[in-house]
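Chemist: Residues in the sequence shown are numbered consecutively from 154, following this note's numbering. Structure incoming, see below.
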Amino acid sequence: GYADGFIRSLGGRASAYVGSFCVPVIGRVSMDAITLDVSTVPEDLAQPGAIVDLIGGRRALDDVAGEAGTIGYEMLTRISDRIPRIYLDRAE
């Protein structure tokens with residue numbers, strides 16, 4: 154939700170990926186949750202605890218930012234400390 158940096162204006166506009174399935178964000182973005190329409194996703198993939206790509210992978214940061222009416226850097230600065238960071242050394 155917006156407490157973790159998912160901008161409220163993305164409610165009803167954005168999409169996410171569950172596996173290879175693109176699913177829409179439906180309804181409003183609340184403080185600690187968003188709702189996805191997973192009705193097209195096979196039941197074995199649409200389970201509690203499933204990994205969902207909101208930004209990254211098939212969802213380029215600047216595309217998501219454009220849907221929110223902002224820029225990628227603003228999206229990054231909004232990501233809260235509750236979201237774990239994983240740093241990769243591309244040289245390895």
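Ideal placement from N, C-alpha and C gives every residue a C-beta, glycine not left out. In this text, all values refer to a predicted model and were calculated from it rather than measured experimentally.
Between which two residues does the alpha helix (DSSP H) carrying residue 246 extend?
Modeler: Nothing can be reported for residue 246, as the shown portion of the chain is limited to 154 through 245.
Chemist: Express the C-alpha separation of residue 181 and residue 156 in angstroms, rounding to a whole number.
Modeler: 13 Å
Chemist: So is residue 189 buried or exposed if we call it buried at 16+ other beta carbons inside 10 Å?
Modeler: buried
Chemist: If you drop the 5 nearest sequence neighbours on each side, which residues of the same chain put their C-beta closer than 8 Å to that of residue 208?
Modeler: Non-local C-beta neighbours of residue 208 in its own chain, meaning closer than 8 Å and more than five positions away in sequence, comprise 214, 217 and 228, ordered along the chain.
Chemist: Does residue 163 pass the burial test, meaning 16 or more other C-beta atoms within 10 Å, or should it be called exposed?
Modeler: That one is buried.
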